[in-house]
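Trainee: Okay, here's the structure, questions in a sec.
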Amino acid sequence: MKQLLGVPAFARLWVAAFFGETAEWMLQVALPVYVFQRTGSAATTALSIVLGLLPAVLLSPVAGVVADRWNRRAVLFGVCCGLAVVALPLLAEPGVAVVYAVMAGQAALASVFEPARNALVPELVGVADVTGANGLMSVNGSVARLAGGWAGGALLGFGGLADVITGYLAVLVVAAALLAKPFRRVAAPAPVPAREPVVRAWLDGLRELTHNRRLWRTGLALVCTSLAQGMFLVLFVVYVFDVLGGSEADAGLLRGVQAIGGLAAGFALATVARRAAPAALLGWGSLALGLVSAVIWNLSLVTTALGVYAGLFVVAGAPGVVVGAGVLSEIQSAVAPERAGRVLSTTFAVVATCTTAGALLAGTLVATTGPAVLLNVQSGVYVLAGVIALARRGWTRQLVWRYRAAPSVKS
Numbered sequence: 006m007k008q009l010l011g012v013p014a015f016a017r018l019w020v021a022a023f024f025g026e027t028a029e030w031m032l033q034v035a036l037p038v039y040v041f042q043r044t045g046s047a048a049t050t051a052l053s054i055v056l057g058l059l060p061a062v063l064l065s066p067v068a069g070v071v072a073d074r075w076n077r078r079a080v081l082f083g084v085c086c087g088l089a090v091v092a093l094p095l096l097a098e099p100g101v102a103v104v105y106a107v108m109a110g111q112a113a114l115a116s117v118f119e120p121a122r123n124a125l126v127p128e129l130v131g132v133a134d135v136t137g138a139n140g141l142m143s144v145n146g147s148v149a150r151l152a153g154g155w156a157g158g159a160l161l162g163f164g165g166l167a168d169v170i171t172g173y174l175a176v177l178v179v180a181a182a183l184l185a186k187p188f189r190r191v192a193a194p195a196p197v198p199a200r201e202p203v204v205r206a207w208l209d210g211l212r213e214l215t216h217n218r219r220l221w222r223t224g225l226a227l228v229c230t231s232l233a234q235g236m237f238l239v240l241f242v243v244y245v246f247d248v249l250g251g252s253e254a255d256a257g258l259l260r261g262v263q264a265i266g267g268l269a270a271g272f273a274l275a276t277v278a279r280r281a282a283p284a285a286l287l288g289w290g291s292l293a294l295g296l297v298s299a300v301i302w303n304l305s306l307v308t309t310a311l312g313v314y315a316g317l318f319v320v321a322g323a324p325g326v327v328v329g330a331g332v333l334s335e336i337q338s339a340v341a342p343e344r345a346g347r348v349l350s351t352t353f354a355v356v357a358t359c360t361t362a363g364a365l366l367a368g369t370l371v372a373t374t375g376p377a378v379l380l381n382v383q384s385g386v387y388v389l390a391g392v393i394a395l396a397r398r399g400w401t402r403q404l405v406w407r408y409r410a411a412p413s414v415k416s
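So the sequence shown is residues 6 to 416, counted in our numbering.
Right, here's the structure in full:
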């Protein structure tokens, strides 16, 4: 861990990611709650989540090629500035239609940010250390989730949406400032690909994702985890307000405290588990997340005490981070650097598509089935993802796996 943070470029990206993710979590918590308060409708809340995900699907070809062709640090800086501009209309306590438009704009910019950032990590630390680097990224991501989730819910409850946006803009400015200067790379930068047409370049990346024998099972498990996450995004709000009788601050707290468990998992990934097999991380993490989720959703039959749920959401945060790190490490280490951006953008498009499907499914059915039934289905889908990731011959002998890394290039 100290070795990774001793790389100045990665350390700066790491801190910038913290501020960027803090800002993102403020809106991720505040905006669905704001829409639910204004409309009282789970279906409308689901629509807001869909509009926040759809651009990632539609812009996947462009986002991946941008991440491969342009300077990735400059792309991240430009996206931070764009996110700040797009959020300005929310300062006026807008109607639901304006919130929808802003969420779509934010998602469009984020569709470029994620593949560029994750494709940049191997260039800054080397392929051999990507699991450790992803673990460290998840550490500050977990802290950002705790801080941003709590701040988004609390500011919305006590001051309204304008206060949320003011805090969001302040945090985002810090992230942009940290990305303003060029990075010095440890590994060789990705070669600039030929200027082939955008659609053809994206299709090449898609072909690599679907034909790479190492990645196809990962992709299938990712479909399941994304469906489950989409269901959660809608049902969580309904569950907190209608089942637990909670408030805006309670929703922010429960989403935020997952970061505590995520912190522990992130530190483990950056240290003792930094050589763990990515597929094993994905599989065991998904199984654990499904089982913990099942306990949470059924515990309302016994108690609705917020403190109990806060503790369980802390536990749930750890396998969530493990799943994310497993997916990213598998792709970063299996894909050629010059194609990493487009493959990652395609991956995020799959995630967004399946998350959208899960949100629409939950928003459509919750009025007739109630949240408890669907949440149990959601936890079962996580378990299915774990089974898929681990159901390979000899997986029990692959709990530890070392990358075949190319030698680092000093600069």
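Note that beta-carbon positions come from the ideal geometry of N, C-alpha and C, so glycine has one too.
Roughly how many whole angstroms lie between the Cα atoms of Leu125 and Leu225?
Mentor: What you label residue 125 is simply residue 120 of the sequence shown in a count that begins at 1. What you label residue 225 is simply residue 220 of the sequence shown in a count that begins at 1. About 25 angstroms.
Trainee: For Leu380, collect the residues of the same chain with a Cβ closer than 6 angstroms to its Cβ; drop the 5 residues on either side in sequence, then sort them by chain order.
Mentor: Position 375 of the sequence shown, counting from 1, holds the residue named residue 380. Contacts found: Leu240, Trp302.
Trainee: Ala323 by DSSP, collapsed to three states: which one?
Mentor: The residue you call residue 323 lines up with position 318 of the sequence shown. Here Ala323 sits in helix by DSSP.
Trainee: Only counting the same chain, and skipping five residues up and downstream in sequence, which positions put a Cβ closer than 6 angstroms to that of Arg176?
Mentor: Along the sequence shown, read from residue 1 onward, the residue named residue 176 stands at position 171. Reading the sequence as shown, one finds Val at residue 176 and not Arg. Closer than 6 angstroms at Cβ, skipping near neighbours: Phe24, Thr27, Ala28.
Trainee: Terminal residues of the continuous alpha helix (DSSP H) containing Val300?
Mentor: Here residue 300 refers to the residue found at position 295 when the sequence shown is read from its first residue. It spans 283-303 - the alpha helix (DSSP H) in which Val300 sits, taken as one unbroken run.
Trainee: Relative to the C-alpha of Gly158, which residue among Leu259, Gly146, Leu63 is closest?
Mentor: By one-based count along the sequence shown, residue 158 stands at place 153. Cα-wise, what sits closest to Gly158 is Leu259.
Trainee: What three-state label does DSSP hand Phe188 in the structure shown?
Mentor: Taking the first residue of the sequence shown as position 1, residue 188 is located at position 183. Phe188: coil per DSSP, three-state reduction.
Trainee: Within 10 angstroms of its Cβ, does Val262 collect 16 or more other Cβ (buried), or is it exposed?
Mentor: By one-based count along the sequence shown, residue 262 stands at place 257. Buried, by the Cβ-count rule.
Trainee: Quick one: any contact between the stretch 35-44 and the stretch 104-112, if contact means 3 or more CB pairs under 8 angstroms?
Mentor: Flag = yes, the stretch 35-44 and the stretch 104-112 touch.
Trainee: Could you check the C-alpha separation between Gly346 and Trp19 for me, to the nearest Å?
Mentor: As a first step, residue 346 must be located in the sequence shown, where it is residue number 341. As a first step, residue 19 must be located in the sequence shown, where it is residue number 14. Cα to Cα, Gly346 sits roughly 19 angstroms from Trp19.
Trainee: So what's Val340 in DSSP terms, helix, strand or just coil?
Mentor: Position 335 of the sequence shown holds residue 340. It is coil, neither helix nor strand.
Trainee: So the alpha helix (DSSP H) Tyr105 belongs to, where does it begin and stop?
Mentor: Along the sequence shown, one-based indexing puts residue 105 at 100. 101-130 is the extent of the alpha helix (DSSP H) around Tyr105.
Trainee: Residues in the same chain with beta-carbon distance under 8 angstroms from Ser53, minus the five sequence neighbours each way, listed in chain order, please.
Mentor: Within the sequence shown, numbered from 1, the residue matching residue 53 stands at position 48. Cβ neighbours of Ser53 beyond the five flanking positions: Leu36, Pro37, Val40, Val101, Val104, Tyr105, Met108.
Trainee: If you draw a straight line from the alpha carbon of Pro283 to that of Ala270, how long is it in whole angstroms?
Mentor: Here residue 283 refers to the residue found at position 278 when the sequence shown is read from its first residue. Here residue 270 refers to the residue found at position 265 when the sequence shown is read from its first residue. Straight-line Cα distance between these residues: approximately 14 angstroms.
Trainee: Return yes when the Cβ of Leu274 is within less than 9 angstroms of the Cβ of Ser143, no when it is not.
Mentor: Against the sequence shown, residue 143 aligns to sequence position 138. Against the sequence shown, residue 274 aligns to sequence position 269. Contact flag set, yes.
Trainee: Between the alpha carbons of Glu433 and Gln383, how many angstroms are there, rounded?
Mentor: Not covered by the structure: residue 433. The range shown for the chain is 6 to 416.
Trainee: Output needed for Pro187: all residues of its chain with C-beta closer than 7 angstroms, excluding positions within five of it in sequence on either side, in chain order.
Mentor: Looking up residue 187 in the sequence shown gives position 182. Closer than 7 angstroms at Cβ, skipping near neighbours: Arg78.
Trainee: Excluding the 5 residues flanking Leu317 on each side, which residues of the same chain have their C-beta closer than 6 angstroms to its C-beta?
Mentor: Numbered from 1 along the sequence shown, position 312 holds the residue referred to as residue 317. Within the same chain, Leu317 has close Cβ partners Ile301.
Trainee: Is Phe15 buried or exposed, if buried means 16 or more other CB atoms sit within 10 Å of its CB?
Mentor: Along the sequence shown, read from residue 1 onward, the residue named residue 15 stands at position 10. Classification for Phe15: buried.
Trainee: What do you get for Gln418, buried or exposed, if any count of 16 or more other CB atoms within 10 angstroms of its CB means buried?
Mentor: In the structure as shown, the chain begins at 6 and stops at 416. Residue 418 is therefore absent and cannot be evaluated.
Trainee: Would you mind sorting Thr361 into buried or exposed? The rule is 16 or more other CB atoms within 10 Å of its CB.
Mentor: Working through the sequence shown from its first residue, we reach residue 361 at position 356. By the 10 Å Cβ count, Thr361 comes out buried.
Trainee: Using 8 angstroms as the cut-off, can you tell me whether the stretch 303-316 makes contact with the stretch 113-131, which would need three or more C-beta pairs spanning the two stretches below that distance?
Mentor: Output reads no: the stretch 113-131 does not touch the stretch 303-316.
Trainee: Which full runs of the alpha helix (DSSP H) of 4+ residues lie inside the stretch 210-282, going along the chain?
Mentor: Runs of the alpha helix (DSSP H) inside the stretch 210-282: 221-243, 253-275.
Trainee: To the nearest angstrom, report how far apart Gly250 and Val243 are at their CA atoms.
Mentor: Within the sequence shown, residue 250 is the residue found at index 245, counting from 1. Within the sequence shown, residue 243 is the residue found at index 238, counting from 1. Going from the Cα of Gly250 to the Cα of Val243 covers about 10 angstroms.
Trainee: Measure the Cβ-Cβ separation of Val332 and Thr352 and say whether it is below 9 angstroms.
Mentor: One-based indexing of the sequence shown puts residue 332 at position 327. One-based indexing of the sequence shown puts residue 352 at position 347. Taking 9 angstroms as the Cβ cut-off, Val332 and Thr352 qualify as a contacting pair.
Trainee: From Leu59 to Met236, what distance separates their C-alpha atoms?
Mentor: Walking along the sequence shown from the start, residue 59 turns up at place 54. Walking along the sequence shown from the start, residue 236 turns up at place 231. Those two C-alpha atoms are separated by around 15 angstroms.
Trainee: Going by C-alpha distance, which of Leu294, Ser298, Leu306, Ala310 is nearest Gly329?
Mentor: Taking the sequence shown and counting its residues from 1, one reaches residue 329 at position 324. The shortest Cα separation from Gly329 among Leu294, Ser298, Leu306, Ala310 belongs to Leu294.
Trainee: Count the other C-beta atoms from every protein chain shown that fall within 10 angstroms of the C-beta of Ala310, then say buried if there are 16 or more, exposed otherwise.
Mentor: If you number the sequence shown from 1, residue 310 lands on position 305. Exposed, since its Cβ has fewer than 16 Cβ neighbours within 10 Å.
Trainee: As a quick exercise: from Thr374, Ala367, Gln337, Arg218, pick the residue whose alpha carbon is nearest that of Asp134.
Mentor: If you number the sequence shown from 1, residue 134 lands on position 129. Answer by Cα proximity: Gln337.
Trainee: Quick one, are the C-beta atoms of Ala152 and Phe82 less than 9 angstroms apart?
Mentor: Position 147 of the sequence shown holds residue 152. Position 77 of the sequence shown holds residue 82. Not a contact, by the Cβ cut-off of 9 angstroms.
Trainee: If distances are taken between C-alpha atoms only, which option among Gly290, Pro324, Val340, Val228 comes closest to Leu395?
Mentor: If you number the sequence shown from 1, residue 395 lands on position 390. When each option's Cα is compared against that of Leu395, the closest is Gly290.
Trainee: Check for me: the alpha helix (DSSP H) holding Ser46 runs from which residue to which?
Mentor: Numbered from 1 along the sequence shown, position 41 holds the residue referred to as residue 46. First-last for Ser46: undefined, no H or E at that position.
Trainee: If we count the other Cβ atoms within 10 Å of its Cβ and call it buried at 16 or more, is Trp155 buried or exposed?
Mentor: For the purposes of this step, residue 155 is taken as the residue at position 150 of the sequence shown. It counts as buried.
Trainee: Give me the Cβ distance between Glu119 and Gly165, rounded to the nearest whole Å; I'm assuming they're in contact under 8 angstroms.
Mentor: Mapped onto the sequence shown, residue 119 falls at position 114. Mapped onto the sequence shown, residue 165 falls at position 160. Not a contact, Cβ separation roughly 29 angstroms.
Trainee: Can you find the residues in the same chain that come closer than 6 angstroms, C-beta to C-beta, to Thr223, ignoring five residues on each side of it along the sequence?
Mentor: Position 218 of the sequence shown, counted from the start, is the residue given in the question as residue 223. Here the set comprises Glu335.
Trainee: Applying the criterion that 16 or more other CB atoms from any shown protein chain within 10 Å of the CB defines a buried residue, is Arg409 buried or exposed?
Mentor: Residue 409 sits at position 404 when you count from the first residue of the sequence shown. Unreliable placement is indicated for Arg409, whose pLDDT of 42 sits below 50; the coordinate value is still reported in the next sentence. Flag for Arg409 reads exposed.
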